[in-house]
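S.K.: In terms of our numbering, the sequence shown is residues 321 to 760.
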Amino acid sequence: MSTNPTPHTVNNFLNADPDRCFSVVNGKKMSLANLFFQARQISLRLPDGRYALNLCQDRYLFTVCYLAVILRGQINLLPQNRSRGCIESLLNDYAGSYCAGDEPNSRYSGFKIALADLAGDDAARFPDIEGNRIASFSFTSGSTGRPRAIPKTFAEFLKSARLATQRLGIGSRDLVLVSTVPPQHMYGLETSVFWPLAANAMIRSERPFFPEDIRRTVTAAEQPCLLISTPAHLKACAESDLHWTNLAGVLSSTAPMPLKLAESIEARLGAPLLEIFGSTETLSFASRRIAVLDKWQPYSGVRVSAGEDRCNVRGGHLQNPVELDDRLAVDANGCFTVIGRSSDLVKVGGKRASLAELTRLINEIEGVRDGLFYRTSQGRLGALVVSRRSKKSILYDLRQSIDEVFLPRPLHRIQEIPRNELGKIVKLKLDSLIRELDIA
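1) Whose C-beta lies closer than 6 Å to the C-beta of Val-345 among residues of the same chain, with five residues either side of it excluded?
2) Do Leu-410 and Asn-374 have their C-beta atoms closer together than 8 Å?
3) If Arg-588 sits next to Cys-557, beta carbons under 8 Å apart, how far is it from one beta carbon to the other, in whole angstroms?
4) Can you tell me where the alpha helix (DSSP H) with Glu-532 in it begins and where it stops?
5) Could you tell me if Phe-342 is buried or exposed, where buried requires 16 or more neighbouring beta carbons within 10 angstroms of its beta carbon?
6) Return the bridge partner residues of Lys-348 from the DSSP annotation.
7) Identify every residue that forms a DSSP beta bridge with Asp-690.
8) How would you write the range of the alpha helix (DSSP H) that Gly-508 sits in, first residue to last?
9) Since Asp-690 and Ile-659 should fall inside the 8 Å C-beta cutoff, what is the C-beta to C-beta distance between them, to a whole number of angstroms?
10) Count Cβ pairs between the segment 482–500 and the segment 424–432 that sit closer than 8 Å; are there 3 or more?
11) Please name the residue in Lys-615, Gln-698, Phe-382, Pro-531 whose C-alpha comes closest to that of Val-650.
12) With three or more C-beta pairs closer than 8 Å as the rule, is the segment 667–680 touching the segment 720–735?
13) Classify Lys-807 as helix, strand or coil using the three-state DSSP reduction.
14) Considering just the uninterrupted stretch of the alpha helix (DSSP H) at Asp-437, what are its terminal residues?
15) In chain order, which continuous runs of the beta strand (DSSP E) of length 3 or greater are located wholly inside the segment 553–623?
16) Work out the CA separation of Thr-539 and Val-746 for me, nearest whole Å.
17) Whose C-beta lies closer than 8 Å to the C-beta of Cys-419 among residues of the same chain, with five residues either side of it excluded?
18) Indicate the three-state DSSP secondary structure (helix, strand or coil) for Ser-525 in the structure shown.
19) In the structure shown, what three-state DSSP assignment does Thr-473 receive?
20) Apply the 10 Å Cβ neighbour rule to Asp-339 and answer buried if 16 or more other Cβ atoms are within range, or exposed otherwise.
21) Within the same chain, show all residues whose beta-carbon is closer than 6 Å to that of Gly-421, passing over the 5 residues directly before and after it, in chain order.
22) Under 8 Å, do Ile-548 and Ser-599 count as touching if we go by C-beta distance?
23) Taking a contact to mean a Cβ-Cβ separation below 8 Å, would you say Ile-449 touches Pro-471 in this structure?
24) To the nearest angstrom, how far is the alpha carbon of Glu-559 from that of Glu-628?
25) Do you know offhand how far Thr-473's Cα is from Gly-636's?
26) Quick check on DSSP: helix, strand or coil for Arg-755?
27) According to DSSP, Val-498 sits in a beta bridge with which residue or residues?
28) Find the nearest neighbour of Arg-535 within the set Asn-520, His-553, Met-522, Ala-519, judged by alpha-carbon distance.
29) Of all the options Asp-337, Gly-347, Asp-751, which has the alpha carbon lying nearest to the alpha carbon of Glu-542?
30) From this set, Leu-753, Ala-591, Pro-576, Gly-654, which residue's C-alpha is nearest Asn-683's C-alpha?
31) Going straight from the alpha carbon of Arg-739 to that of Lys-749, what length do you get?
32) For Asn-653, count the other beta carbons within 10 Å of its own beta carbon; 16 or more makes it buried, fewer makes it exposed. Which is it?
33) In terms of residues, what are the limits of the alpha helix (DSSP H) holding Ile-407?
34) What residue range does the alpha helix (DSSP H) around Asn-653 cover?
35) Mapping DSSP to helix, strand and coil, what is Thr-464?
36) Distance, Cα to Cα, Ala-415 vs Glu-510?
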């Protein structure tokens with residue numbers, strides 16, 4: 321029997337407090353009643369079709385459109401990036417799809433939504449939501465190959481959000497969520513759409529990008545803020561000379577946070593740094609504060625198991641067990657550490673190591689802004705670094721933390737490692753770059 325909320329309990333939950341503020345839009349508070357009334361009105365205007373590519377950049381408009389698509393009986397497609405090739409590929413692959421966005425001059429024709437289109441609220445009962453019907457397809461980042469479509473239901477999102485916000489204490493106090501993560505990404509969808517639906521927290525509709533923009537948004541918020549971001553963004557904030565106030569906490573995901581960087585972020589921003597762990601397939605299912613403990617603690621009801629060849633996560637919000645790509649070490653209490661990806665184990669000179677662990681160590685070297693290890697076409701290990709330091713000095717520091725057999729040969733200093741807007745590796749661009757460097 322499924323442990324996910326039924327459509328009946330989903331709507332009872334949403335109807336429990338319709339006047340609660342969901343978002344702040346241009347200084348105006350929007351309640352849950354506003355949100356669902358506007359979504360119902362927009363749903364009546366949507367084109368016929370089976371799928372809607374939700375391209376809205378404004379977080380509130382994205383949520384209105386996301387709910388409107390569900391209420392219309394359609395499915396949201398959430399592209400992993402906004403490149404022309406990605407959008408056109410989805411339109412071709414999913415028959416009966418159309419674009420929905422908030423950019424008036426977008427190259428993609430389709431449904432347009434604007435704040436001016438939204439008005440009013442309704443004290444009546446919220447429209448029924450089929451909790452166990454697919455709400456959206458998210459897509460893996462493509463960082464390890466071709467993106468895959470992952471279907472998720474409204475009920476899965478809502479239950480996961482309730483487990484996450486209970487774990488992190490969101491809802492036990494009035495908080496404003498400020499996010500730098502696009503809502504089309506699973507991390508952004510969870511934290512900036514479903515967390516404020518599930519807990520007593522409101523989300524700012526804007527998406528600040530540069531450190532000063534983020535600081536201004538946080539400072540201007542009505543209550544203390546939880547800043548939701550990524551290691552790359554938070555590193556830029558920590559390296560700025562800005563004075564940060566009004567932060568109750570900082571949340572990071574998409575890649576594990578190195579301890580030294582976490583400590584630097586906590587010191588500069590003056591707030592605890594928390595992380596959540598998960599994937600597009602699982603949603604988030606564990607959390608930690610690495611400055612206190614490096615082990616991940618699963619959410620209530622979630623169980624993680626590690627065998628010799630595979631690891632699984634089950635329970636909690638998950639309808640069925642999910643096999644993980646990560647290799648984990650699980651302790652007697654069910655907490656775990658990440659050893660690496662199943663595909664990143666390397667063997668050199670009879671000794672084993674993880675590419676993820678080697679990459680973590682090179683990034684902890686003073687003066688290295690970014691770096692990673694990779695396998696060369698000859699089966700050796702190579703590395704890329706973004707740094708002003710000499711190769712010789714970087715290799716000297718590496719020798720202090722890794723075995724000689726794992727030293728990178730070659731070591732390339734480059735201007736930038738190809739990453740997407742969330743800091744994840746773009747595999748096709750990385751492979752092309754490595755080929756060019758190794759041939760040269």
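Idealized CB from N, CA, C, for every residue including glycine.
M.R.: The answer reads as follows:
1) Tyr-380, Ser-525
2) no
3) 7 Å
4) 531–540
5) buried
6) Val-345
7) Val-706
8) 506–509
9) Incorrect: roughly 22 Å between the Cβ atoms, too far for contact.
10) no
11) Lys-615
12) yes
13) The structure shown has nothing for residue 807, since the chain only spans 321 to 760.
14) Counting along the chain, Asp-437 falls outside any alpha helix (DSSP H), and DSSP gives it neither H nor E.
15) 567–572, 593–599, 603–608
16) 34 Å
17) Ala-372, Leu-373, Leu-375, Ile-407, Leu-411, Ser-426, Tyr-428, Ser-429, Gly-430, Phe-431
18) coil
19) strand
20) exposed
21) Leu-375, Cys-376
22) no
23) no
24) 41 Å
25) 14 Å
26) helix
27) Leu-547
28) His-553
29) Gly-347
30) Pro-576
31) 9 Å
32) exposed
33) 404–413
34) Asn-653 -> no alpha helix (DSSP H), and no H or E assigned at all.
35) Confidence at Thr-464 is low in this model, with a pLDDT of 49, below 50, so its placement is unreliable and the value that follows should be read with caution. In this structure, Thr-464 counts as coil in the three-state DSSP scheme.
36) 27 Å
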